[in-house]
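The next block holds one structure in the form of structure tokens; read it before the comments.
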Amino acid sequence: MEYWKNYYNNGNIKSEGLFINGQQDGFWSYYFDNGKQEKTGFYKSGLETKYWTFYKNNGTKEKEGHFVNGKKVDWWLFYNNMNKVNRKCQLKNNQKNGYCLMYKNEKLVSASKFSEGKKIKTWTDLAAFKKENKLSDLK
């Protein structure tokens, strides 16, 4: 097991984390060349796993969600420039698969359903969306 730190030419840290048996393993942090956090998350045997958070180069969140065996899965949150959630999407094998909910000013404004990355349907009438999909408690 070795702890690694990589640096940019300007001296700022680029990434840091563990290598086990020659592969990234455990918690890793990555940084932009301006020193701000770029992304954080876990590896297992060189593949992304568990929860990851990605940031824009100004330090605000870009997106966050789960990986399994290097693939994006489950619900992912996507953020606007005000650091507020503007989309929540279900992913499987790095593709939208399930619902994708769009927000404006923290209110649900539309929804779409996807299968293996292809859009099946979009709703802007949220009452119809909730009724059709049995999601009465959705906010």
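Sequential numbering from 16 applies to the sequence shown in the working numbering.
The C-beta atom is built at its ideal place from N, Cα and C for all residues, glycine as well.
Note that this is a predicted model, so its numbers are computed, not measured.
Under 8 Å between C-beta atoms of residue i and residue j
i: G85; j: E53; result: no
i: H81; j: K107; result: no
i: K51; j: G74; result: yes
i: Q105; j: E131; result: no
i: K134; j: L116; result: no
Identity of the residue in the options nearest residue i by Cα
i: F93; options: Y18, E79 and A142; result: E79
i: E147; options: K128, K134 and N96; result: K128
i: K29; options: R102, K134 and D48; result: D48
i: K136; options: V100, N112, W91 and N101; result: N112
i: K145; options: K133, K134 and S125; result: S125
i: F42; options: K99, N98 and T68; result: T68
i: E77; options: N27, L116, N24 and N101; result: N101
i: Y70; options: D89, Y46 and G26; result: Y46
i: Q39; options: K149, N21 and W138; result: N21
i: Y114; options: V83, W138 and N25; result: W138
Contact set for residue i: own chain, Cβ-Cβ below 6 Å, skip 5 residues either direction
i: F34; result: E17 and W19
i: S44; result: E31 and T55
i: D89; result: H81
i: G61; result: Q38 and Q39
Three-state class that DSSP yields for residue i in the structure shown
i: E147; result: helix
Local Cβ density within 10 Å of residue i, reported as buried at 16 or more and exposed below that
i: N120; result: exposed
i: L140; result: Correcting the residue type first, residue 140 is Asp in the shown sequence and not Leu. The residue in question, D140, is exposed, as its Cβ has fewer than 16 Cβ neighbours within 10 Å.
i: A143; result: exposed
i: K149; result: exposed
Beta carbon proximity, residue i to chain D, threshold 8 Å
i: S30; result: Protein chains in the displayed structure number just one, and chain D is not present.
Residues of its chain near residue i, where Cβ-Cβ distance is below 8 Å and the 5 sequence neighbours each way are ignored
i: Y118; result: K99, V100, N101, R102, K103 and V124
i: N72; result: F47, N49, K51 and E53
Near the ligand ZN: residue i beta-carbon under 7 Å from a heavy atom
i: N101; result: Among the ligands in the structure shown, none appear at all, so the ligand ZN cannot be discussed.
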